[in-house]
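Visitor:
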Amino acid sequence: MSGPAEIKACCAASYGSDAVALLLGESYHPGGLALTRRLADRLGLRPGTPVLDVAAGPGATARLLATEYGATVTGIDLSESTVDKAGAAATAAGLADAVRFRVGDAERIPLPDGAVDAVVCECAFCTFPDKATAAAELARVLRPGGRVGITDVVTAGALPAELSTLAAWVACVADARPVAEYAAILDRAGLRVGHTEAHDDALLTMIDEIEARLRLLRMTAADRLAAAGVDVAAVLRYTALARRGVADGLLGYALIVAEKR
């Protein structure tokens with residue numbers, strides 16, 4: 452397995468690539484914006500709530516939280532190009548005063564203590580090499596009583612070897628943990644888990660959508676796939692393995708909400 456620095460660099464490069472945009476569309480996590488709304492409701496977001504979006508990607512979540520909940524959102528991401536694109540999209544949407552993005556590592560969040568009332572982290576916590584440090588950082592930037600909302604891939608057993616590679620790590624599978632282990636990591640950081648939900652159907656739906664989008668692109672825009680460097684056979688191999696993992700009860704998707712003590 453690669454080291455933490457390589458894992459972070461690979462995740463940042465991959466999620467800022469044209470290939471991922473082609474395969475995932477606007478929302479880069481299972482459940483899409485509907486599950487983001489579910490998470491926001493569980494966090495009790497209100498107009499003016501300062502929110503941190505960790506691993507914000509293209510900024511779809513941050514824009515939704517600002518437009519639909521009136522939140523003031525700071526998004527951080529490791530990729531400078533992704534941050535630039537997210538900022539441009541927010542400006543184009545007229546949200547420059549409510550949403551801002553900056554380069555930042557979840558293990559060294561560039562915000563002061565107690566800066567926000569809520570943190571969201573969608574399908575990214577499982578990719579952080581040092582989850583304990585990341586959890587401590589989420590707790591540090593939250594005010595007392597603030598909440599963190601996570602949606603992520605979860606496991607219930609050992610995964611096939613092919614789902615433990617660097618590529619699988621980038622795909623949010625290789626280092627996924629059981630819900631109870633995520634809860635324990637958060638608890639040790641001073642974040643008490645008060646609510647969890649299973650959303651395995653969201654993971655299956657995303658697998659379906661990736662496969663359908665890939666097959667359509669292969670028929671109608673093979674040149675775009677080639678230009679983006681998409682290995683069609685490899686992607687379909689991973690989606691088949693992931694689908695089997697869900698069917699066997701080894702892979703799932705969960706929503707977790709914790710409060711800072």
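The opening position of the sequence shown corresponds to residue 452 in the working numbering, with each subsequent residue numbered one higher.
In this text, a Cβ means the ideal position worked out from N, Cα and C, and glycines have one as well.
Per DSSP, C572 is paired with what?
Guide: C572 is bridged to V505, I601.
Visitor: Quick check on this structure: which residue in A677, D659, A507 has the alpha carbon closest to the alpha carbon of S530?
Guide: Looking at the Cα atoms, A507 is the closest of the given residues.
Visitor: Using a 10 Å radius around the Cβ and a threshold of 16 neighbouring Cβ atoms, would you call G499 buried or exposed?
Guide: That one is exposed.
Visitor: Can you tell me the Cα-Cα spacing of V621 and C462, whole angstroms?
Guide: Note that V621 scores a pLDDT of 47, beneath 50, so its modelled location is shaky; the value from the coordinates is reported in the next line. Straight-line Cα distance between these residues: approximately 5 Å.
Visitor: Considering only C-alpha positions, which residue in the set G495, V505, A549, H480 is nearest to M657?
Guide: If we check each option's Cα against that of M657, H480 comes out closest.
Visitor: Given G608, which residues of its chain have a CB within under 7 Å of its CB, disregarding the five upstream and five downstream residues?
Guide: Answer for G608: L701, listed in chain order.
Visitor: Let's test the definition: count the other Cβ atoms within 10 Å of the Cβ of P561 and tell me whether it reaches 16, buried, or not, exposed.
Guide: When all chains shown are included, P561 counts as exposed.
Visitor: Could you tell me the boundaries of the alpha helix (DSSP H) in which D652 lies?
Guide: Note, D652: alpha helix (DSSP H), 651-671.
Visitor: Could you give the distance in angstroms between the alpha-carbon of G526 and the alpha-carbon of A517?
Guide: Their backbone Cα atoms lie some 12 Å apart in a straight line.
Visitor: So, with DSSP's three-state summary, where would you put T525?
Guide: Strand at T525.
Visitor: Between the C-alpha atoms of P665 and L474, what's the straight-line distance to the nearest angstrom?
Guide: For the record, residue 665 in the displayed sequence is Leu; it is not Pro. If I take the Cα positions, the gap works out to 6 Å.
Visitor: What three-state label does DSSP hand V621 in the structure shown?
Guide: Summary for V621: the model assigns pLDDT 47, below 50, so the residue's position carries little reliability, and this model does not support an answer.
Visitor: Considering only C-alpha positions, which residue in the set R591, G696, R598, A569 is nearest to E558?
Guide: It is R591 whose Cα lies nearest to the Cα of E558.
Visitor: If you follow the beta strand (DSSP E) that G703 is in, where does it begin and where does it stop?
Guide: Start and end: 702-711.
Visitor: Taking buried to mean at least 16 other C-beta atoms within 10 Å of its own C-beta, is G565 buried or exposed?
Guide: Exposed, since its Cβ has fewer than 16 Cβ neighbours within 10 Å.
Visitor: For R628, tell me which candidate among G483, R643, I601 has the shortest Cα-Cα distance.
Guide: Among G483, R643, I601, the Cα nearest to that of R628 is on I601.
Visitor: Do L655 and E573 have their C-beta atoms within less than 9 Å of each other?
Guide: For L655 and E573, no; Cβs fall outside 9 Å.
Visitor: Would you mind giving the Cβ-Cβ distance between R514 and A472, rounded to the nearest angstrom? I have them listed as a contact below 8 Å.
Guide: So it is not a contact: roughly 16 Å between Cβ atoms.
Visitor: Counting C-beta neighbours from all protein chains within 10 Å, is the total for I707 16 or more, i.e. buried, or is it exposed?
Guide: Answer is buried; the Cβ neighbour count reaches 16.
Visitor: Looking only at its chain, what residues have a beta carbon closer than 6 Å to the beta carbon of F576, apart from the 5 residues adjacent to it on each side?
Guide: Closer than 6 Å at the Cβ level, and outside the excluded window around F576, lie I601, D603.
Visitor: Could you give the uninterrupted runs of the alpha helix (DSSP H) lying entirely in the stretch 468-494, keeping only those of 4 residues or more?
Guide: Complete alpha helix (DSSP H) runs here, min 4: 469-475, 483-494.
Visitor: How big is the Cα-Cα spacing for G696 and D659?
Guide: Their backbone Cα atoms lie some 14 Å apart in a straight line.
Visitor: What whole-angstrom Cβ distance do V567 and G521 have, given they're in contact under 8 Å?
Guide: Between G521 and V567 the Cβ distance is about 15 Å, and since that is not below 8 Å, they are no contact.
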